[in-house]
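Chains as they are written, first to last, in the numbering used here: chain R, 45 to 213; chain S, 12 to 120.
All residues carry an ideal CB built from backbone N, CA and C; glycine is no exception.
Here's the structure we're looking at; comments come further down.
What follows is the structure, given as structure tokens:
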């Protein structure tokens, strides 16, 4: 067993080296060519975006009404590990067949791609509640924006201080 | 890593018709994040992460979550469910490799 794995080492090294070369080439390709959105696979790298750009892309020029007590946003004040930041969005907004929360957007301002998740509800859910664990790159505001079925937007926002970023190098 | 796609669900038992329960579901998944090489350039590849979560109850859609890479590894989601009748809750996770993982839970009174 020991002997055979020893024998494999040179092979593995050259393989790793090959991998490294492939990585560099891919990086160079990224510089030169911008892949078209349709052709790109689902897991392809999305371009970086500022939070303003995200908000414009998602909502255009629609106004974001302050949510007040309609949306309760639960986040830690200080997140020691940016890789796992629990978030809870609880709202008292109506959830009836013709007036309901269509979507909740979770957006963290300082992330490379600010949109964390978008939750599309149906009235079957009974109420608009959602909890997940987020990755946060840096300290900054995290917003939960609720979009009603008639298009009204409500925004709740809280700042989270991140000790160690969770989005890798 | 052999456990990728293992879905766990926790559903409280509703006590009466029409009660809204909070369902919690967890999937084992790496949710790969964008990697960079030594000079800080983003490495282009097809990253493997869950991009769609669909929850249905007795075939009726409850909610759909569009997730991105900025959701933690082994993501945990909690969402409400209004239980009007006993049935089967199904949650399907789809990742960018085209794989779909499902978890089901039966709800009784």
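Residue i (DSSP reduced to helix, strand or coil)
| i | result |
| --- | --- |
| residue 80 of chain R | Only weak support is given to the placement of residue 80 of chain R: the predicted model assigns it a pLDDT of 45, under 50, and the value that follows is read from those uncertain coordinates. It is coil, neither helix nor strand. |
| residue 95 of chain R | helix |
| residue 168 of chain R | helix |
| residue 100 of chain R | helix |
| residue 120 of chain R | coil |
| residue 120 of chain S | coil |
| residue 114 of chain S | strand |
| residue 201 of chain R | strand |
| residue 89 of chain R | coil |
Chain R residues whose Cβ lies nearer than 8 Å to that of residue i
| i | result |
| --- | --- |
| residue 135 of chain S | Nothing in the structure corresponds to residue 135 of chain S, since chain S is present only between 12 and 120. |
| residue 120 of chain S | Those do not exist, as residue 120 of chain S stays about 16 Å from chain R at its closest Cβ, beyond 8 Å. |
Close beta carbons around residue i, own chain, < 8 Å, minus the five adjacent residues each side
| i | result |
| --- | --- |
| residue 193 of chain R | 142, 143, 144, 145, 146 |
| residue 84 of chain S | 40, 41, 42 |
| residue 139 of chain R | 145, 165, 167, 169, 170, 171, 172 |
Supposed close pair residue i, residue j - CB separation, criterion 8 Å
| i | j | result |
| --- | --- | --- |
| residue 36 of chain S | residue 20 of chain S | 5 Å |
| residue 176 of chain R | residue 161 of chain R | 6 Å |
| residue 120 of chain R | residue 204 of chain R | 6 Å |
| residue 59 of chain S | residue 85 of chain R | Wrong, their Cβ atoms sit about 10 Å apart, outside the cutoff. |
Contact set between residue i and chain S, taken where Cβ atoms lie within less than 8 Å
| i | result |
| --- | --- |
| residue 145 of chain R | Within 8 Å Cβ-Cβ: nothing; residue 145 of chain R doesn't reach chain S, min ~10 Å. |
| residue 195 of chain R | Chain S residues near residue 195 of chain R: none, gap ~19 Å exceeds 8 Å. |
Own chain partners of residue i with C-beta closer than 6 Å, once the 5 adjacent residues on each side are dropped
| i | result |
| --- | --- |
| residue 178 of chain R | 129, 131, 160 |
Residues near residue i in its chain [Cβ-Cβ closer than 7 Å; skip 5 each side]
| i | result |
| --- | --- |
| residue 48 of chain R | With a pLDDT of only 47 at residue 48 of chain R, under 50, the local geometry of the prediction cannot be trusted, and no value is derived from it. |
| residue 114 of chain R | 135, 136, 137, 198 |
Beta-carbon neighbours of residue i, restricted to chain S and to distances below 7 Å
| i | result |
| --- | --- |
| residue 198 of chain R | Per Cβ cutoff of 7 Å: no residues; residue 198 of chain R is ~18 Å from chain S at best. |
| residue 163 of chain R | 74, 76 |
| residue 171 of chain R | 31, 91 |
| residue 159 of chain R | 79 |
Chain-ordered chain S contacts of residue i [CB-CB under 9 Å]
| i | result |
| --- | --- |
| residue 88 of chain R | 55, 56, 57, 58, 107 |
For the segment 64-97 of chain S, which residues have a CB atom closer than 8 Å to at least one CB atom of chain R, in sequence order? Contact annotation: in the segment 64-97 of chain S, residues whose CB is within less than 8 Å of a CB in chain R are 68, 71, 72, 73, 74, 75, 76, 77, 78, 79, 80, 81, 82, 83, 84, 86, 87, 88, 89, 90, 91, 92, 93.
Residues of the segment 119-135 of chain R with Cβ closer than 7 Å to any Cβ of chain S, in chain order: Under the 7 Å Cβ criterion, the segment 119-135 of chain R contributes 127, 128.
Residues, ordered as in the chain, of the segment 172-185 of chain R that lie near chain S by beta-carbon distance below 7 Å: Near chain S, meaning a CB-to-CB distance below 7 Å, the residues of the segment 172-185 of chain R are 173, 174, 175, 176, 177, 178, 179.
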